[in-house]
Amino acid sequence: MGGRLPAPELELEPELEEPVPDEPPELELEELELEELELDELELELLELLELEEAEVLNSTLSIGEIY
Numbered sequence: 001m002g003g004r005l006p007a008p009e010l011e012l013e014p015e016l017e018e019p020v021p022d023e024p025p026e027l028e029l030e031e032l033e034l035e036e037l038e039l040d041e042l043e044l045e046l047l048e049l050l051e052l053e054e055a056e057v058l059n060s061t062l063s064i065g066e067i068y
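Numbering (UniProt numbering), first residue to last: 1 to 68.
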């Protein structure tokens, strides 16, 4: 009677209680949307700066090519 050994009991981690937010979730969502919009604007600004930088490098390269 080679029965199986009982499975060891798993210790369940106590569930962490989430802190109750001071603000309703709707406000948090609005804040996140605003932050996302701000990040989108910053990303556009960075892309514009990169394009300007690339244009300046290209112009410099062309200028150097004209010198030689």
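The beta-carbon is built from N, C-alpha and C at its ideal position, and this holds for glycine as well.
Please read all numbers here as calculations on a predicted model, not as lab measurements.
DSSP state of residue i mapped onto helix, strand, coil
| i | result |
| --- | --- |
| residue 54 | helix |
| residue 35 | helix |
| residue 41 | helix |
| residue 28 | helix |
| residue 17 | coil |
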